[in-house]
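Accompanying notes for the structure given below.
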Ligand SMILES: Nc1ncnc2c1ncn2[C@@H]1O[C@H](COP(=O)(O)OP(=O)(O)OP(=O)(O)O)[C@@H](O)[C@H]1O
Ligand SMILES: Nc1ncnc2c1ncn2[C@@H]1O[C@H](COP(=O)(O)OP(=O)(O)OP(=O)(O)O)[C@@H](O)[C@H]1O
Ligand SMILES: [Mg+2]
Ligand SMILES: [Mg+2]
């Protein structure tokens, strides 16, 4: 029997880059296939070829043995392919139903009107069939990320997809939601659907997939049976060398309190309390971690601490002084470094070159701009130093920020912030979207600073990261700290439950999400030990 | 970094592909516009009637208007006919420089705001306010000084008054945008109408010159006006004013590229979120940039009063709107504004020459102006054109507006 | 997940609360004014109340609204699809001239009307090609459209009529609906130029397209998240072309209505369009991209204009020059109070499917 | 004579040397002998096609072209700073050498003062303002005198029921209207004269005044006039250039009357002849023609300042081509008497409102 999907010798070139180089991929009907690789390995590109977004430079796409010539996603959709992108392709101000039916609206009155009742009904029916919990009338901008993902899947199913491609579907989910997603994938394959999902998390690939294909630098470096491989083997395939899967951060040697947050309340644009009375302290020489599913107030909390968002109640002290309402600039000047979660929006000016970006935040400082006049010579030297020290590639200070890969952008930001001689580093998702090698590097640097007595406030939705690096770990849920734990004494399952809003000692299951999962107990992890290093 | 290094960097910036390409595209846009303009002249020439003797013949067909004459008058006429030997510093060229001077200031005004990510359509109104304030301020002050001392004191004073009031008027949409989130495109358009209305009220009432039928203030004494040295006494042009303009170009360039404030402005212009992250107080920067932009417009107004008219009179020409086109053609770069202002100065001044020398309706020049802007806006068109020609141009992308309204180059944001 | 729905509604209320509050306050203020006017007919409030409740004010506001509201509807189509059309002013100018010219040549007002629409549509199509195919900066290209029309129409008039102003041609006249035209106040709605009825139709159709048709959704998606639309298999390029062309048709109707209502095109200075295209932009931003909202904000503006005309006659002690600027001042004040106008997410951006 | 003349082709050119070389015939003929004189025209901003002021000035030049065989060249500045440019271009030109430069509109006064002193050998004439120089002939008009007659006629007609053409008045109205362009001393002369004439006709009639702020906004003119008619006015007088087109249109829509300005607009705007009762004609054409004529005869009145009022037919109330004959005789008589009184100096018409 021919495979459901067969990519044969796909090559895709972009100006200056070979994103895919003679890649083969075979996926059997009714199976889950994981596509594994570092950042920039070419996973997304390969799937975009399958989805008709890109035409391959050479090579062939075959479905059930039939060669296809997709010229646009419309062709791919017609052939039964659905893709859920890394960034959701949803129209925020439109409703769930409108999004699911977009481009395929049921009509009435000879096409003159959308059959809105019919559309809604179709969506409800579809959601019921696969056991999805979605509100057909909610606006996308008002629903959780997990629900948005379900909408994306429904969108593909609505268009009759037999083959579903999911690009890094788990990056934004809690462990519980991940389990639920995997259950849904099982349900889908049971109903005959074929799934390809992209990830760079080894554990996930092994857990959820039947087969795994590994890409490196655009080339296929291996195809393995998920049940007959190990994390070590996969890691080596991915990176091309042996990788240390565990960080050992040694004992904390905490000193004085550097930053103290008490009873802080932050309201978002819509006057909803995003941070609802949070208190904690960060001491010199310790990493204070905050874990939680995205959207539970971490961003607002961090921006309040760093001076980018107004605090509606409570107090923030830094080095003993009340900084609750001081400007962002003053906080930078007094020794607060900040690695923002969104590097392309906040952390770098994309149109500026690295020289100019190296100055961001120091443009009023004595060092580079005495008397308000910028010393471009010093500034350039500074950028060169960062590039050198933090291995930013290409090593060219005249390159504009947008021309760098995400990982290199991140390294540049990390370098710039670490070189401020900070007393407090606020690191928000410092390794998001960054590949394994760079993650290792950034983690090492963070721990180095900690060793030097810098206080570090770390926020991440990657459990293994916060758990591995933190000396103390708070779990945030709906704007509140649900608990502060010793990360070494807490299992991933316990953390997952906390992140889902289960207060310690609270027995009730079900944190929303997929219906199919509401009665399922947390799926036992196959290899709890390896969980720590899952990302690495 | 050594001076040599710095020089090398400056040079490399200069020959940067995008800059070269920009100049190429601007020139090509000019040529194409002239070609289309020529066709327009011919078509119009077929639609009117004239005697056989007056007609010119191209491709065996008679036309009433001759595009060659039109463009000869437009460009050479505006330069004062340098080829004919009769060139004089008192001729049409002085008018061209006079227009250039004003366009330079309004162009810089728009460019500065653009660089801060703000679309200041209110330059016109800010100029009106600056002009009126200058006229009134200088009239008041001219009672205390006179003669050469008067000139030396009053001209800087007038410029100061113009810039302060223009700046204050520019700060209004700034404050509204920063603190009330009011769209500056709307508020500046509205404020233009308000400025004109209030100026008319004041100048037809309390501040009216009783000896004139026009709605104007009492004329400034001669010593309170820009002196005409060497150039254009009759043409109301002063090389001193142009000198101020060149200084303004250099100063704005310096401020934008070499000062912390300029860095703040540029950062908030291209990426406000990153600017905030970098410690830029976005509200203050918005207000400051619009105030500075208004101040430049106010100086344009002051020059109109102290160099051209010698009084404030209602019905200030549209230098403010022309400033938008100047800035756009210049890619919002202060150095480019100098060149673009000269080009539009030529067009403005050439219009009168064309009108005087031919029967072609002068609105033609308005069409040309639009075409130039249109072509400048579409570098892609020229790239495609160039691909069809041997010897391709560079592939790099050209700069469009640096902000104002989102001008992302691609719909895709890849991570 | 049911709480998500709650959030949704809460969000909705939040989103519109400032505007709702403002609208409420306005209504309350107007009612208070009318009551005061009733009680003290000789006071300033009395004068104002009389002016506001006059059928003539409504009629004048409608007439003044027509070109602005048509252009605003056009602007909504373009901008919702992600193309900011700042060249509406130019579209109005070119159609105003085209309509009069063809009417003068053919003698048919409606022929002229269609010709005006065609002229505007062609210019809009040029704008579409330039911005969509050649990826021109939308703001700059829009300004260029304005400048070209601002030069071209008077140029043509000068060539053809030897004057920037055209001769006078036939006008549209007006249509009265029997019985309804005799209604107090609202009678003005039923005795008006055919273009006023066309405008009502256009407002309704625009509303219908956005709220009820698939095409309307595609336009919205194309402006908010073009990639979502593209991956849904609908061509963003086609949708944007269609939207910009529709904006040309609508603005063309506005321009033709403007000039044919007066039977003349005047091309001096800023021409007879005189900033109406820019006011249209103000109107739709103010109406939050809703056709009905845009129409109402146009009526607000035109109503203020009509009121200031009448107030000048009453000699209420405020200098005329200042009365005349009230509409502009009111817009600024209202904007300062209501604040934010939310552009579609992708407005101004180019979109390409590949590379 | 006595009383306003009755139409467009009133006897111009009767003064001065008539048809010095009338044999020249049609224009554009490139005869071997050069034109009798070369004339430069610098129009007021707003340019030709305003249907009133500039067009009227052009009329004088056209008449001179036809009758005197001169040739003229036109320029239409669109901003104030271009006045001096064009004045100088004409003054400087040697091919041809311009014998006279006509500057239309009071806004040219300031720049002409400078230009005239820079070019003492060049002759200029200016309309609507006085420039004190030996090489400038100035022509100003007593617009308030003519407007007085318009006001008188309006107030007499509006107090009775009168119906003719497409319009009618009702006897019970208490006001008439005045629509101005941009506020300025000049337009206020029209307003002042009109108001004064209205109150001379009847104490009970008010004048509603509106300035649209533009000479080229017919839509605003229409709304202003509409508002006036709605408030009970039967007759609206405009001094607003092309904005007045809107006034005529409103009159037609509402079945009321309008009074035109500058030219006999019942002739130049025949579409509206059925509502134009009269026009306050300002003979800019006469001023231009006379200046040209004098130049051709080498009698250029440099340094003179001619005030053209009712006495010299510089301004006059011309009754509508279509409606004029229907106006009751007693009103015509009263207007004629008032005219005599003004000429005789018995009535003093204010020039400021
Ligand atoms: N549109 C494009 N134009 C040019 N280069 C591109 C384009 N898209 C991707 N690339 C390049 O192709 C390579 C593969 O990119 P791709 O997005 O497929 O990586 P990925 O494996 O999905 O990475 P990640 O894990 O970060 O999502 C990268 O070097 C990237 O920079
Ligand atoms: N654009 C801006 N962004 C942020 N803060 C600003 C800005 N402009 C002014 N400030 C604030 O105003 C204060 C005074 O501003 P000023 O520009 O004089 O800076 P400064 O502290 O004197 O720095 P320097 O002279 O070293 O450049 C600053 O301390 C800063 O807090
Ligand atoms: Mg990817
Ligand atoms: Mg300082």
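Chains as they are written, first to last, in the working numbering: chain A, 1 to 536; chain B, 1001 to 1415; chain C, 2001 to 2355; chain D, 3001 to 3353.
Where is the CB? At the ideal position from N, CA and C, for every residue including glycine.
All figures in this text were calculated on a predicted structure; none of them were measured in a lab.
Let me make sure I understand the geometry here. Which of the options has the alpha-carbon closest to that of residue i?
i, options, result
"residue 180 of chain A", "A:160, A:158 and A:207", "A:207"
"residue 1113 of chain B", "B:1386, B:1331 and B:1165", "B:1331"
"residue 137 of chain A", "A:323, A:145 and A:93", "A:93"
"residue 3137 of chain D", "D:3339, D:3328, D:3320 and D:3305", "D:3305"
"residue 1316 of chain B", "B:1166, B:1387, B:1325 and B:1131", "B:1131"
"residue 2252 of chain C", "C:2320, C:2038, C:2093 and C:2280", "C:2093"
"residue 2268 of chain C", "C:2116, C:2315 and C:2163", "C:2163"
"residue 1352 of chain B", "B:1170, B:1287, B:1120 and B:1091", "B:1091"
"residue 309 of chain A", "A:235, A:214, A:71 and A:268", "A:268"
"residue 3252 of chain D", "D:3277, D:3146 and D:3242", "D:3277"
"residue 14 of chain A", "A:395, A:46 and A:114", "A:46"
"residue 1284 of chain B", "B:1179, B:1108, B:1378 and B:1243", "B:1179"
"residue 481 of chain A", "A:235, A:395, A:374 and A:263", "A:263"
Determine, for residue i, whether the minimum Cβ-Cβ distance to residues of chain D falls below 8 angstroms.
i, result
"residue 1213 of chain B", "yes"
"residue 1941 of chain C", "No answer is possible for residue 1941 of chain C: the residues shown for chain C start at 2001 and end at 2355."
"residue 1095 of chain B", "yes"
Counting only beta-carbon atoms, is residue i nearer than 8 angstroms to chain A?
i, result
"residue 1380 of chain B", "no"
"residue 2231 of chain C", "yes"
"residue 2078 of chain C", "no"
"residue 2324 of chain C", "no"
State yes or no: is the beta carbon of residue i nearer than 8 angstroms to at least one beta carbon in chain C?
i, result
"residue 1077 of chain B", "no"
Is residue j closer than 8 angstroms to residue i when the C-beta atoms are compared?
i, j, result
"residue 365 of chain A", "residue 416 of chain A", "no"
"residue 1249 of chain B", "residue 1335 of chain B", "yes"
"residue 146 of chain A", "residue 187 of chain A", "no"
"residue 2243 of chain C", "residue 2077 of chain C", "yes"
"residue 205 of chain A", "residue 223 of chain A", "no"
"residue 151 of chain A", "residue 140 of chain A", "yes"
"residue 300 of chain A", "residue 2217 of chain C", "no"
Below 9 angstroms on C-beta distance, what does residue i contact in chain C?
i, result
"residue 1187 of chain B", "2331, 2332, 2335 and 2336"
Say the cut is 7 angstroms; is the CB of residue i nearer than that to a heavy atom of ligand 5?
i, result
"residue 151 of chain A", "Absent from the structure shown: ligand 5. Ligands present: ligand 1, ligand 2, ligand 3 and ligand 4."
Check the Cβ of residue i against every Cβ in chain A and list those closer than 7 angstroms, keeping chain order.
i, result
"residue 1270 of chain B", "349 and 351"
So, does the CB of residue i fall closer than 8 angstroms to a CB anywhere in chain B?
i, result
"residue 439 of chain A", "no"
Using the beta-carbon of each residue, which ones in chain D are nearer than 8 angstroms to residue i?
i, result
"residue 1417 of chain B", "This structure leaves residue 1417 of chain B out entirely; chain B is present only between 1001 and 1415."
"residue 1200 of chain B", "3182, 3183 and 3213"
Sequence ranges, beta strand (DSSP E) only - wholly within the stretch 163-204 of chain A, length at least 3: 163-167 and 194-199
Entirely enclosed alpha helix (DSSP H) segments - the stretch 395-453 of chain A, minimum 4 residues: 406-418 and 436-451
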